[in-house]
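Trainee:
In this note's numbering, the protein residues as written are 11 to 214.
#1: Starting from residue 72, follow its DSSP beta bridges and name the residues at the other end.
#2: What three-state label does DSSP hand residue 193 in the structure shown?
#3: Please classify residue 24: does DSSP put it in a helix, a strand, or coil?
#4: Buried or exposed for residue 174, going by 16 or more other Cβ atoms inside 10 Å?
#5: May I have the straight-line CA-CA distance separating residue 73 from residue 178, to the nearest angstrom?
#6: Could you check where the beta strand (DSSP E) with residue 185 kicks off and where it finishes?
#7: So what does DSSP say about residue 97, is it helix, strand or coil?
#8: Check whether the Cβ atoms of residue 60 and residue 29 sit closer than 8 Å, and answer yes or no.
#9: Does the segment 105–117 come close enough to the segment 36–51 that 3 or more CB-CB pairs lie under 8 Å?
#10: In whole angstroms, what separates the C-alpha of residue 27 from that of residue 19?
#11: According to DSSP, simplified to helix, strand and coil, what is residue 46?
#12: How close, in whole Å, do the beta carbons of residue 52 and residue 75 come, if the pair is a contact with beta carbons under 8 Å?
So this is what it looks like as structure tokens:
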């Protein structure tokens, strides 16, 4: 219990101030929320995160959680705005959600709130912004005519569950860096896969 107290009341204010500092320095940021059942508490749990550009990379940080019985759009709106009250909300450019109708209702309420209080309109890129951006990136890659997805998948398969090939590769190159699995529906998250593929080429 003492450790929990220290973590909650001692460390949390420090990390919260770090997140606030990052948002103050960032030109814009995205708010992400996810609402699920907390089986232990038998309540709905609303987790709030922010995503922003920090130190030349995209950074995602946890903000807080709220616990509710009912989770209507009004309930979500109340808890979401409360969680963001101390942050520079005029810098919000998008509210990231995962599609259910109650989230659409929340989105429209949030849009109206941002317009009335901050003269800001958030980007509307569909019921799941992450999937929309992933698919846009995928379409762009296909438009180049380069079979990047096929190549990365094949590169991983070449050495996956193939100890003889791995041994030969290590012997010939002196490197034990092997390709990572490529995920076709998570294009933006395949950066490590691409970097590993380039590293594998560099070692030869």
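Ideal placement from N, C-alpha and C gives every residue a C-beta, glycine not left out.
Mentor: Short version:
#1: Within the chain shown, residue 72 is the residue found at index 62, counting from 1. In the DSSP output, where bridge partners are listed per residue, residue 72 has 59.
#2: For the purposes of this step, residue 193 is taken as residue 183 along the chain shown, with counting starting at 1. The answer is coil: DSSP assigns residue 193 none of H, G, I, E or B.
#3: The residue labelled residue 24 in the question sits at position 14 within the chain shown. Helix at residue 24.
#4: Along the chain shown, one-based indexing puts residue 174 at 164. Around the beta carbon of residue 174, fewer than 16 other beta carbons lie within 10 angstroms, which makes this residue exposed.
#5: The count along the chain shown starts at 1 and reaches residue 73 at position 63. The count along the chain shown starts at 1 and reaches residue 178 at position 168. Straight-line Cα distance between these residues: approximately 48 Å.
#6: Walking along the chain shown from the start, residue 185 turns up at place 175. Run containing residue 185: none; DSSP gives neither H nor E here.
#7: The residue given as residue 97 occupies position 87 in the chain shown. When DSSP states are grouped into helix, strand and coil, residue 97 belongs to the coil group.
#8: The sequence position of residue 60 within the chain shown is 50, counting from 1. The sequence position of residue 29 within the chain shown is 19, counting from 1. Against a cut-off of 8 Å, the Cβ pair of residue 29 and residue 60 comes out as a contact.
#9: Because the criterion of three Cβ pairs below 8 Å is met, the segment 36–51 and the segment 105–117 touch.
#10: Indexing the chain shown from 1 puts residue 27 at position 17. Indexing the chain shown from 1 puts residue 19 at position 9. Between residue 27 and residue 19, the C-alpha separation is close to 13 Å.
#11: Working through the chain shown from its first residue, we reach residue 46 at position 36. In this structure, residue 46 counts as strand in the three-state DSSP scheme.
#12: Numbered from 1 along the chain shown, position 42 holds the residue referred to as residue 52. Numbered from 1 along the chain shown, position 65 holds the residue referred to as residue 75. For residue 52 against residue 75, the beta-carbon gap comes to about 15 Å, at or over 8 Å, which does not count as contact.
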